[in-house]
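In my numbering, the protein residues as written are 916 to 1178. Backbone N, C-alpha and C define an ideal beta-carbon position, used for all residues, glycine too.
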């Protein structure tokens, strides 16, 4: 989502205390302390100010965006830079599970270990994406409290999906990626059912969408359309989504001219 991210300002002060604004950004405050300690600035604290338009609890990467912006701001305040690998390790320590926003390429990422398993290049599939909050009254979900996939059958299917995704990125096949996203979303219903998921899938199919995607921990879903789709053609679909008491979050484009890094 171009333009969506966190802006962080950090000022060094004596002592180890981290003062954060707005209050409650505990993951970002923890990240600031971890970064200072990692840089050897152990006797110094700071004042951290964050600004982000990203809603929290919806699965849109708000916490990782906060944490990553904080880590970069602390590094700048200390007149240094940290590579993506270190940023990933610090982010996981700050928030238990992290999105791979610190990498400028497509990666297969172990989000609770903070390490890249595979690099899949810089190509990003092009889609016209209708983003939807499926449960706007829920207040979101706590990522860390969600159960993890388990069982040999589920592991086998996820492994097969990973292989299909790898091949799709190698072939630059956006349609195949949409198919993987759809099946992954279907499997995720076993772990964290999403309100109105089956109805949403039916609407997407009727509208000739390539597939659907969901956030792994929140209430956000998206319908993936061919990039040449005229956005005005989605107006009736948006009305149908609203009739389900879901909240359309906007229409976005992925791929050309966008970046993997949203923080």
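Exercise. Can you tell me the Cα-Cα spacing of residue 935 and residue 1007, whole angstroms?
Worked result: 19 Å
For this session: Please classify residue 1143: is it buried, with 16 or more other beta-carbons within 10 angstroms of its beta-carbon, or exposed?
Result: exposed
For this session: To the nearest angstrom, report how far apart residue 1174 and residue 980 are at their CA atoms.
Result: Any reading at residue 1174 needs caution, since the residue's pLDDT is 40, under 50, leaving its predicted position unreliable; the model's value is listed next. Spanning the two alpha carbons is a distance of roughly 14 Å.
Exercise. Which partner residues does residue 1048 have in the DSSP bridge list?
Worked result: 1135, 1162
For this session: Could you tell me whether the segment 1102 to 1118 touches the segment 1000 to 1015, where touching means 3 or more Cβ pairs closer than 8 Å?
Result: no
For this session: Mark residue 998 as exposed unless 16 or more other C-beta atoms lie within 10 angstroms of its C-beta, in which case mark it buried.
Result: exposed
Exercise. Any idea if residue 1074 is buried or exposed, counting beta-carbon neighbours within 10 angstroms, 16 or more meaning buried?
Worked result: exposed
Problem set entry | Spatial distance of residue 1094 from residue 1104 (CA atoms) | 16 Å
Exercise. Is residue 977 near the ligand GDP, judged by its Cβ being under 7 Å from some heavy atom?
Worked result: As for the ligand GDP, it is missing from this structure, which has no ligand bound.
For this session: Use the C-beta contact count for residue 1178: other C-beta atoms within 10 angstroms, 16 or more gives buried, fewer gives exposed.
Result: Since pLDDT at residue 1178 reaches only 30, below the 50 mark, its modelled position is unreliable, and the value read off the structure follows with that caveat. With 16 or more Cβ atoms within 10 Å of its Cβ, residue 1178 is classed as buried.
Problem set entry | Selection from 1087, 942, 1002, 1070 that minimises the alpha carbon distance to residue 971 | 942
Problem set entry | Of the listed residues 966, 1132, 949, nearest to residue 1048 (C-alpha basis) | 1132
For this session: In the DSSP assignment, find the unbroken alpha helix (DSSP H) run with residue 948 in it and report its ends.
Result: 941 to 953
For this session: Compute the Euclidean distance between the alpha carbons of residue 1091 and residue 1081, then round it to the nearest angstrom.
Result: 10 Å
For this session: Look at the alpha carbon of residue 926 and the alpha carbon of residue 983, and state the distance between them as a whole number of angstroms.
Result: 16 Å
For this session: Determine the closest residue to residue 1083 out of 1041, 1050, 1119, 1153, with distance taken between C-alpha atoms.
Result: 1041
Problem set entry | Helix, strand or coil at residue 962 according to DSSP, with G and I counted as helix | strand
Exercise. If we ignore side chains and look at the alpha-carbon of each, how far apart do residue 929 and residue 964 end up?
Worked result: 17 Å
Exercise. Does the segment 1119 to 1129 touch the segment 1138 to 1153, meaning 3 or more C-beta pairs lie closer than 8 Å?
Worked result: yes
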